[in-house]
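Asker: The structure that follows is given in the form of structure tokens.
In the working numbering, the protein residues as written are 11 to 89.
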């Protein structure tokens, strides 16, 4: 909305600045979430099951989840 308003007002530089600021905020937030997911991967599985094999597979899949979360956050700004 902010970018649309700035472009509608003919302020291309302000629109570009708004995108850069939001991208910076999202990258910082997404990095924090992805790092948190990776750090708790060995205990995350216990929220779903007590079975060691399930916990192991969840731990194995969390880097993919962290990457997906990070990329989805960036895509939300650029779309």
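C-beta atoms are modelled at their ideal positions from N, C-alpha and C, and glycine is treated no differently.
1. Comparing alpha-carbon positions, which option in 37, 15, 59 lies nearest residue 85?
2. Relative to the C-alpha of residue 27, which candidate in 39, 12, 41 has its C-alpha closest?
3. Assuming residue 25 contacts residue 34 (C-beta within less than 8 Å), just tell me the rounded distance between them.
4. Rounded to whole angstroms, what is the Cα-Cα separation between residue 75 and residue 14?
Answerer: Judging by the given coordinates:
1. What you label residue 85 is simply residue 75 of the chain shown in a count that begins at 1. Nearest of 37, 15, 59 to residue 85, Cα basis: 37.
2. The count along the chain shown starts at 1 and reaches residue 27 at position 17. Ranking the options by Cα distance to residue 27, first place goes to 12.
3. Position 15 of the chain shown, counted from the first residue, corresponds to residue 25. Position 24 of the chain shown, counted from the first residue, corresponds to residue 34. Between residue 34 and residue 25 the Cβ distance is about 15 Å, and since that is not below 8 Å, they are no contact.
4. Counting from 1 along the chain shown, the entry for residue 75 is found at position 65. Counting from 1 along the chain shown, the entry for residue 14 is found at position 4. The alpha-carbon atoms of residue 75 and residue 14 are separated by roughly 31 Å.
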